[in-house]
Amino acid sequence: MRALVSPQCTYADVLNTCVNSISCATLTQRINAITTQLNNAAQDFDTKAVTADLFQIQPFFGADTDNVVGQVTKKELKGLYTYHLVPAKKPARQYYDQIMMQAPLRICPFCGFGQVTTLDHYLPKAKFPLLSILPKNLVPSCADCNKGKSAGIATSKNEQCLHPYFDQGHFINDQWLFAEVIHSSPATISYFVQAPGHWNASDQARVNSHFDDFKLANRFSIQAGDEISNLRGELDIDFQISQQAGVEQALRKKYAGASLQHTNSWKTAMYQALAASAWYCSGGFK
Ligand SMILES: [Zn+2]
Numbered sequence: 005m006r007a008l009v010s011p012q013c014t015y016a017d018v019l020n021t022c023v024n025s026i027s028c029a030t031l032t033q034r035i036n037a038i039t040t041q042l043n044n045a046a047q048d049f050d051t052k053a054v055t056a057d058l059f060q061i062q063p064f065f066g067a068d069t070d071n072v073v074g075q076v077t078k079k080e081l082k083g084l085y086t087y088h089l090v091p092a093k094k095p096a097r098q099y100y101d102q103i104m105m106q107a108p109l110r111i112c113p114f115c116g117f118g119q120v121t122t123l124d125h126y127l128p129k130a131k132f133p134l135l136s137i138l139p140k141n142l143v144p145s146c147a148d149c150n151k152g153k154s155a156g157i158a159t160s161k162n163e164q165c166l167h168p169y170f171d172q173g174h175f176i177n178d179q180w181l182f183a184e185v186i187h188s189s190p191a192t193i194s195y196f197v198q199a200p201g202h203w204n205a206s207d208q209a210r211v212n213s214h215f216d217d218f219k220l221a222n223r224f225s226i227q228a229g230d231e232i233s234n235l236r237g238e239l240d241i242d243f244q245i246s247q248q249a250g251v252e253q254a255l256r257k258k259y260a261g262a263s264l265q266h267t268n269s270w271k272t273a274m275y276q277a278l279a280a281s282a283w284y285c286s287g288g289f290k
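Per the numbering used here, residue 5 is the first one in the sequence shown, and the count goes up by one each step.
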């Protein structure tokens, strides 16, 4: 997981620009009539996000044609995103692009390796239509993370995956992602979560939820498999020069480099495990 700086655009900017681009006068009127409720929902999101209580926001279980608030349907609220924020020719697209740019190098903050191609609704718009264009509910994401998570919604604090704008500090700085070397040929890497014992129980549960929701065990292993096949030739040279100690040193350097950048990346955990594996360093890499 990578932390992101929250989007700079305000909800008022995004909402006004989207509403101003609606061509149907009665829809504009009906949406303007629920501005207070929209702002209240946004404020409630902000308050609950800070204490990781977003799961307390009540989902809307009605159909697309049902009114969510006042005379505005779920379909119309979702449409603010689909027809007024996303399309390239709409004026609010500037905010969509701004939010996409929150992810440095366009790397997905949820998995830490995928390429950002979309905005993920942290609380999905199908169940939280009042939050469909709230900037802090929109997180740049890769397609796999976006698809992977859309299935369910958290019903308790523990089930909430990490939110890159709000869950920072110890989630980023303390190591909770680890790996193990599997003695296969070629070697493979198996990932697991082990949150620091001094964390509170819900934070410990949440990193596990994050790891499971985005199916990171399997996705990280695939990334590691590719890296391991590239390593073989390089480590062969280290081994010829200074045997097991040379391989171990080369891997320690890579671990140090990766860990300086990101404590909880698949790469950091992988190099940490490889450097510590006598089996791998003494020839398992071949
Ligand atoms: Zn991702």
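From the three backbone atoms N, C-alpha and C, an ideal C-beta is built for every residue, glycine too.
| Check | Outcome |
| --- | --- |
| Can you check the region 101 to 149 for any alpha helix (DSSP H) of at least 4 residues that lies completely inside it and give the ranges in chain order? | none |
| Looking at residue 123: is its Cβ nearer than 8 angstroms to the Cβ of residue 142? | yes |
| Please go through the same chain and pick out, in chain order, the residues whose beta-carbon is closer than 8 angstroms to the beta-carbon of residue 131, but skip the five residues on each side of it. | 63, 64, 65 and 157 |
| With H, G and I counted as helix, E and B as strand and the rest as coil, what does DSSP make of residue 169? | coil |
| With DSSP run on the structure shown, which of helix, strand or coil describes residue 262? | helix |
| Comparing the CB of residue 217 with every heavy atom of ligand 1, is any distance shorter than 7 angstroms? | no |
| Please list, in chain order, all residues with a C-beta atom less than 5 angstroms from at least one heavy atom of ligand 1. | 112, 114, 115, 118, 146 and 149 |
| If we count Cβ pairs, one from each stretch, closer than 8 angstroms, do we get three or more for the region 239 to 246 versus the region 19 to 35? | no |
| Going by DSSP, what residues sit across from residue 194 in a beta bridge? | 184 |
| Is residue 40 helix, strand or coil when you go by DSSP? | helix |
| Nearest to residue 109 by alpha carbon, out of 42, 144 and 256? | 144 |
| By alpha-carbon positions, which one of 256, 282 and 229 ends up nearest to residue 189? | 229 |
| How many angstroms separate the CA atom of residue 271 from the CA atom of residue 107? | 19 angstroms |
| Between which residues of its own chain and residue 215 is the CB-CB distance below 6 angstroms, once the five residues before and five after are set aside? | 197 |
| Can you give me the C-alpha to C-alpha distance between residue 204 and residue 153, rounded to a whole angstrom? | 24 angstroms |
| Could you spell out where the alpha helix (DSSP H) holding residue 90 opens and where it closes? | Counting along the chain, residue 90 falls outside any alpha helix (DSSP H), and DSSP gives it neither H nor E. |
| Between which two residues does the beta strand (DSSP E) containing residue 211 stretch? | Note, residue 211: premise wrong, no beta strand (DSSP E); alpha helix (DSSP H) at 205 to 217. |
| Suppose contacts are defined by Cβ-Cβ distances below 8 angstroms. Is residue 162 in contact with residue 194 by that definition? | no |
| Just the Cα atoms here: how many angstroms apart are residue 279 and residue 234? | 16 angstroms |
| Identify whether residue 9 lies in helix, strand or coil by the three-state DSSP scheme. | coil |
| Residue 4 lies in the alpha helix (DSSP H); which residues open and close that run? | Nothing about residue 4 can be reported from this structure: the residues present for the chain run from 5 to 290 only. |
| Identify the continuous beta strand (DSSP E) that holds residue 71 and give its terminal residues. | 71 to 73 |
| Under 8 angstroms: do the region 9 to 20 and the region 63 to 83 share three or more Cβ pairs, one atom per stretch? | no |
| Can the beta-carbon of residue 135 be found closer than 8 angstroms to that of residue 49? | yes |
| Given a cut-off of 8 angstroms on the beta-carbon distance, is the pair residue 149 and residue 114 in contact? | yes |
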